[in-house]
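Novice: Each residue of the sequence shown is one higher than the one before, counting from 493 in our numbering. For each residue, glycine too, the CB sits at the ideal point set by N, CA and C. Bear in mind the structure is a predicted one, so any value in this text is a computation, not a measurement. The structure under discussion is supplied below as C-alpha coordinates; questions concerning it will follow.
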Amino acid sequence: MSNIWPFVAQSFILASQSPRRQSLMQTCGFRFTVQVQPTAEDWPAHLQHADIAMHIATQKALAVANTAQQTPQQQPIVSADTIVLLDNTVVLGKPENASHAYEMLNQLAGQTHSVITGMCLLWQNRQHTFYEETLVEFNTLSPEQIHWYIDNCQPYDKAGSYAIQEWIGMVGIKSISGCYYNVMGLPLSRFSLEYRNFLDQCLL
493 MSNIWPFVAQ SFILASQSPR RQSLMQTCGF RFTVQVQPTA EDWPAHLQHA
543 DIAMHIATQK ALAVANTAQQ TPQQQPIVSA DTIVLLDNTV VLGKPENASH
593 AYEMLNQLAG QTHSVITGMC LLWQNRQHTF YEETLVEFNT LSPEQIHWYI
643 DNCQPYDKAG SYAIQEWIGM VGIKSISGCY YNVMGLPLSR FSLEYRNFLD
693 QCLL
(Lines of atoms letter the chains of each structure in order from A and count residues from 1; the text may use other names and numbers.)
(Lines give C-alpha, C1' and ligand atoms only; values in the text may rest on other atoms or scores of the structure.)
Protein backbone atom coordinates (compact mmCIF):
# COMPACT_ATOMS: atom_id res chain seq x y z
CA MET A 1 0.00 0.00 0.00
CA SER A 2 2.82 2.44 0.83
CA ASN A 3 4.09 2.14 -2.77
CA ILE A 4 0.72 3.40 -3.99
CA TRP A 5 0.22 6.04 -1.32
CA PRO A 6 3.65 6.83 0.19
CA PHE A 7 2.14 9.19 2.77
CA VAL A 8 0.39 6.33 4.59
CA ALA A 9 3.81 5.32 5.93
CA GLN A 10 3.58 8.26 8.35
CA SER A 11 1.72 6.89 11.35
CA PHE A 12 -0.63 9.13 13.30
CA ILE A 13 -2.74 9.25 16.43
CA LEU A 14 -6.46 8.87 15.80
CA ALA A 15 -8.38 10.83 18.43
CA SER A 16 -11.62 8.93 17.89
CA GLN A 17 -13.13 5.93 19.61
CA SER A 18 -15.50 5.26 16.70
CA PRO A 19 -15.06 1.64 15.56
CA ARG A 20 -16.30 2.65 12.10
CA ARG A 21 -13.60 5.28 11.63
CA GLN A 22 -10.96 2.89 12.90
CA SER A 23 -12.11 0.15 10.54
CA LEU A 24 -12.16 2.47 7.52
CA MET A 25 -8.68 3.76 8.32
CA GLN A 26 -7.38 0.20 8.60
CA THR A 27 -9.00 -0.82 5.33
CA CYS A 28 -7.20 2.02 3.55
CA GLY A 29 -3.86 0.96 5.00
CA PHE A 30 -3.25 3.91 7.31
CA ARG A 31 -0.97 3.29 10.29
CA PHE A 32 -2.31 4.71 13.53
CA THR A 33 -2.85 4.26 17.23
CA VAL A 34 -5.98 5.35 19.07
CA GLN A 35 -5.86 7.85 21.91
CA VAL A 36 -8.98 9.54 23.23
CA GLN A 37 -9.43 12.12 25.96
CA PRO A 38 -12.81 13.15 27.42
CA THR A 39 -14.19 16.10 25.46
CA ALA A 40 -17.45 18.00 25.86
CA GLU A 41 -19.33 17.82 22.58
CA ASP A 42 -20.77 21.31 22.77
CA TRP A 43 -19.99 24.53 20.94
CA PRO A 44 -20.28 28.33 21.16
CA ALA A 45 -23.73 29.61 20.29
CA HIS A 46 -22.52 31.69 17.33
CA LEU A 47 -21.21 28.67 15.41
CA GLN A 48 -23.34 27.12 12.69
CA HIS A 49 -23.34 24.07 10.43
CA ALA A 50 -19.87 22.84 9.43
CA ASP A 51 -18.17 25.14 11.94
CA ILE A 52 -19.80 23.12 14.73
CA ALA A 53 -18.36 19.83 13.51
CA MET A 54 -14.91 21.34 12.95
CA HIS A 55 -14.96 22.96 16.40
CA ILE A 56 -15.74 19.69 18.16
CA ALA A 57 -13.14 17.83 16.09
CA THR A 58 -10.55 20.46 17.04
CA GLN A 59 -11.38 20.11 20.74
CA LYS A 60 -10.90 16.34 20.47
CA ALA A 61 -7.48 16.77 18.84
CA LEU A 62 -6.34 19.43 21.31
CA ALA A 63 -7.40 17.30 24.27
CA VAL A 64 -5.04 14.55 23.10
CA ALA A 65 -2.28 17.00 22.16
CA ASN A 66 -2.37 18.54 25.63
CA THR A 67 -1.75 15.28 27.45
CA ALA A 68 1.71 14.78 28.90
CA GLN A 69 2.63 11.92 26.60
CA GLN A 70 2.08 14.10 23.55
CA THR A 71 4.39 16.95 24.53
CA PRO A 72 6.14 17.53 22.22
CA GLN A 73 4.04 15.98 19.45
CA GLN A 74 5.88 13.08 17.86
CA GLN A 75 3.10 12.13 15.46
CA PRO A 76 0.26 13.90 13.67
CA ILE A 77 -3.08 13.84 15.47
CA VAL A 78 -6.24 13.23 13.45
CA SER A 79 -9.74 13.79 14.84
CA ALA A 80 -13.26 13.92 13.44
CA ASP A 81 -16.80 14.74 14.46
CA THR A 82 -20.00 14.09 12.54
CA ILE A 83 -23.28 15.94 12.90
CA VAL A 84 -26.63 15.63 11.16
CA LEU A 85 -28.32 18.83 10.06
CA LEU A 86 -32.06 18.93 9.35
CA ASP A 87 -33.82 21.84 7.63
CA ASN A 88 -30.49 23.69 7.69
CA THR A 89 -31.09 24.56 11.34
CA VAL A 90 -31.63 21.56 13.62
CA VAL A 91 -28.39 19.85 14.68
CA LEU A 92 -28.79 16.19 15.58
CA GLY A 93 -25.98 14.57 17.53
CA LYS A 94 -25.98 11.24 19.33
CA PRO A 95 -29.24 10.19 21.01
CA GLU A 96 -29.46 10.05 24.79
CA ASN A 97 -31.85 7.09 24.93
CA ALA A 98 -34.38 5.08 22.90
CA SER A 99 -37.09 7.73 22.95
CA HIS A 100 -34.62 10.38 21.84
CA ALA A 101 -33.45 8.09 19.01
CA TYR A 102 -37.06 7.56 17.93
CA GLU A 103 -37.67 11.31 17.92
CA MET A 104 -34.65 11.88 15.68
CA LEU A 105 -35.48 9.14 13.19
CA ASN A 106 -39.09 10.25 13.04
CA GLN A 107 -37.86 13.74 12.14
CA LEU A 108 -35.56 12.38 9.42
CA ALA A 109 -38.14 10.03 7.87
CA GLY A 110 -39.32 11.24 4.47
CA GLN A 111 -36.93 14.19 4.55
CA THR A 112 -33.54 15.17 3.13
CA HIS A 113 -30.83 16.06 5.62
CA SER A 114 -27.13 16.91 5.61
CA VAL A 115 -24.41 14.80 7.18
CA ILE A 116 -21.36 16.92 7.96
CA THR A 117 -18.04 15.55 9.16
CA GLY A 118 -15.48 18.03 10.42
CA MET A 119 -11.86 16.94 10.73
CA CYS A 120 -8.81 18.41 12.43
CA LEU A 121 -5.13 17.65 11.75
CA LEU A 122 -2.46 18.70 14.26
CA TRP A 123 1.32 18.36 13.99
CA GLN A 124 4.44 20.45 14.55
CA ASN A 125 2.52 23.52 15.72
CA ARG A 126 0.35 23.40 12.61
CA GLN A 127 -3.41 22.99 12.62
CA HIS A 128 -5.67 22.30 9.66
CA THR A 129 -9.43 21.82 9.65
CA PHE A 130 -11.83 20.92 6.86
CA TYR A 131 -15.26 19.38 6.39
CA GLU A 132 -17.27 17.25 4.00
CA GLU A 133 -21.04 17.37 3.49
CA THR A 134 -23.34 14.68 2.10
CA LEU A 135 -27.07 14.96 1.43
CA VAL A 136 -29.17 11.97 2.47
CA GLU A 137 -32.84 11.42 1.60
CA PHE A 138 -34.88 9.00 3.69
CA ASN A 139 -37.97 7.12 2.61
CA THR A 140 -41.02 7.37 4.82
CA LEU A 141 -40.51 5.13 7.86
CA SER A 142 -43.29 3.60 9.92
CA PRO A 143 -43.20 3.69 13.73
CA GLU A 144 -42.77 -0.09 13.70
CA GLN A 145 -39.72 0.14 11.43
CA ILE A 146 -38.12 2.80 13.60
CA HIS A 147 -38.74 0.88 16.82
CA TRP A 148 -37.41 -2.35 15.27
CA TYR A 149 -34.22 -0.63 14.18
CA ILE A 150 -33.63 0.98 17.57
CA ASP A 151 -34.33 -2.24 19.46
CA ASN A 152 -32.09 -4.38 17.27
CA CYS A 153 -29.26 -2.01 16.34
CA GLN A 154 -29.14 0.35 19.35
CA PRO A 155 -27.75 3.35 17.47
CA TYR A 156 -26.82 5.34 20.56
CA ASP A 157 -23.27 6.15 19.43
CA LYS A 158 -24.32 7.51 16.04
CA ALA A 159 -25.15 11.05 14.99
CA GLY A 160 -28.77 11.24 13.91
CA SER A 161 -29.42 7.81 15.48
CA TYR A 162 -28.59 5.74 12.42
CA ALA A 163 -25.78 4.06 10.50
CA ILE A 164 -26.03 3.99 6.71
CA GLN A 165 -24.37 0.55 6.56
CA GLU A 166 -27.02 -1.01 8.81
CA TRP A 167 -30.56 -2.20 8.02
CA ILE A 168 -32.12 1.24 8.11
CA GLY A 169 -29.65 2.51 5.54
CA MET A 170 -30.23 -0.46 3.27
CA VAL A 171 -34.01 -0.19 3.18
CA GLY A 172 -34.74 3.31 4.45
CA ILE A 173 -32.45 5.58 2.46
CA LYS A 174 -33.81 6.67 -0.90
CA SER A 175 -30.75 8.51 -2.20
CA ILE A 176 -27.48 10.16 -1.26
CA SER A 177 -25.56 12.98 -2.91
CA GLY A 178 -21.90 13.06 -1.96
CA CYS A 179 -19.48 10.77 -0.19
CA TYR A 180 -21.00 7.55 1.19
CA TYR A 181 -18.17 7.09 3.69
CA ASN A 182 -18.76 10.57 5.03
CA VAL A 183 -22.14 9.34 6.27
CA MET A 184 -20.25 6.60 8.11
CA GLY A 185 -18.20 9.33 9.80
CA LEU A 186 -15.04 9.50 7.69
CA PRO A 187 -14.81 11.12 4.22
CA LEU A 188 -11.95 8.91 3.07
CA SER A 189 -11.25 10.43 -0.33
CA ARG A 190 -11.18 13.98 1.04
CA PHE A 191 -9.17 12.95 4.10
CA SER A 192 -6.55 11.22 1.95
CA LEU A 193 -6.00 14.39 -0.07
CA GLU A 194 -6.00 16.72 2.92
CA TYR A 195 -3.70 14.49 4.98
CA ARG A 196 -1.17 14.19 2.16
CA ASN A 197 -1.12 17.96 1.61
CA PHE A 198 -0.86 18.58 5.35
CA LEU A 199 2.16 16.29 5.66
CA ASP A 200 3.80 17.98 2.68
CA GLN A 201 3.42 21.36 4.41
CA CYS A 202 4.73 20.07 7.74
CA LEU A 203 7.77 18.42 6.17
CA LEU A 204 8.88 21.38 4.05
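May I have the straight-line CA-CA distance separating Glu-573 from Thr-531, to the nearest angstrom?
Specialist: A small correction: the amino acid at residue 573 is Asp; Glu does not occupy that position in the sequence shown. Computed Cα separation, rounded: 11 Å.
Novice: Secondary structure at Ser-680, three-state DSSP: helix, strand or coil?
Specialist: The amino acid occupying residue 680 in the given sequence is Leu; Ser does not appear at that position. Helix at Leu-680.
Novice: Determine whether the beta carbon atoms of Asn-580 and Glu-624 lie at a separation below 8 Å.
Specialist: no
Novice: Just the C-alpha distance for Gln-502 and Gln-566, rounded to the nearest angstrom, thanks.
Specialist: 11 Å
Novice: Between which two residues does the beta strand (DSSP E) holding Ser-508 run?
Specialist: No beta strand (DSSP E) contains Ser-508, which DSSP labels as neither H nor E.
Novice: Quick one: what's got a C-beta closer than 6 Å to Cys-694's C-beta in the same chain, skipping five residues either side?
Specialist: Trp-615, Gln-616 and Arg-618
Novice: Ends of the beta strand (DSSP E) at Asp-573?
Specialist: 569-578
Novice: Pull up the distance between the alpha-carbon of Ser-653 and that of Val-576, whole angstroms please.
Specialist: 9 Å
Novice: Buried or exposed for His-605, going by 16 or more other Cβ atoms inside 10 Å?
Specialist: buried
Novice: Going by beta carbon distance, what residues of the same chain come within less than 6 Å of Arg-682, once the five residues before and after it are set aside?
Specialist: Within the same chain, Arg-682 has close Cβ partners Glu-624.
Novice: Between which two residues does the beta strand (DSSP E) harbouring Trp-615 extend?
Specialist: 604-615
Novice: Indicate whether Leu-627 and Gly-670 have their beta-carbon atoms separated by less than 8 Å.
Specialist: Yes, these two residues count as a Cβ contact at 8 Å.
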